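>
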Amino acid sequence: MSAASHLARRAAQKERVRILYRRALKDTLNWAVHRHLFYQDAWELRERFEANKNVENLEAIDRLIADGEASHNKWRHPDPYIVPWAPGGSKFTRNPTPPAGIEIIYNYGLEDHIE
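Residues 3 to 117 in our numbering are what the sequence shown spells out, letter by letter.
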């Protein structure tokens, strides 16, 4: 394997690990009821990632990443917290657009002066 392809594969693996860690950390927040519980769970999650940070074998790293992704998918929260105004949130596109032909005037309080 050439040096360039080795570096490219390592960069892709680092990106996959970063994404997996962020997803797992965000999902940990969904499971924790209180912040002090979240901090403990986040610390344990970080320890699991740190335990494998010195692995050098590319195939072993791919296997660890695949196992981590499978574990994350298995234990994902069934009803994750979604910020209300984000897509999927309770306030996302709460007010539908008005039908065609209805004009909305945004001159608050000056409606009497329309000519």
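Beta carbons are placed, not taken as given, at the ideal position from N, Cα and C, and that holds for glycine. Just so you know, these numbers come straight off a predicted model, no measurement behind them.
Quick one: is residue 26 buried, meaning 16 or more other Cβ sit within 10 Å of its Cβ, or exposed?
The count along the sequence shown starts at 1 and reaches residue 26 at position 24. Buried: at least 16 other Cβ atoms inside 10 Å.
> Of the choices 70, 102, 52 and 60, whose alpha-carbon is the least far from that of residue 14?
Residue mapping note: residue 14 aligns to position 12 of the sequence shown, counting from 1. The candidate whose alpha carbon is nearest that of residue 14 is 60.
> Taking residue 92 as the reference, give the member of 11, 34, 67 and 82 with the closest Cα.
Mapped onto the sequence shown, residue 92 falls at position 90. With distances taken between Cα atoms, residue 92 lies closest to 82.
> Please report how far the alpha carbon of residue 77 lies from the alpha carbon of residue 46, in whole angstroms.
In the sequence shown, residue 77 corresponds to position 75, counting from 1. In the sequence shown, residue 46 corresponds to position 44, counting from 1. Those two C-alpha atoms are separated by around 15 Å.
> Give the range of the alpha helix (DSSP H) segment to which residue 40 is assigned.
To locate residue 40, count along the sequence shown from 1; it is residue 38. Residue 40 -> alpha helix (DSSP H) spans 37-52.
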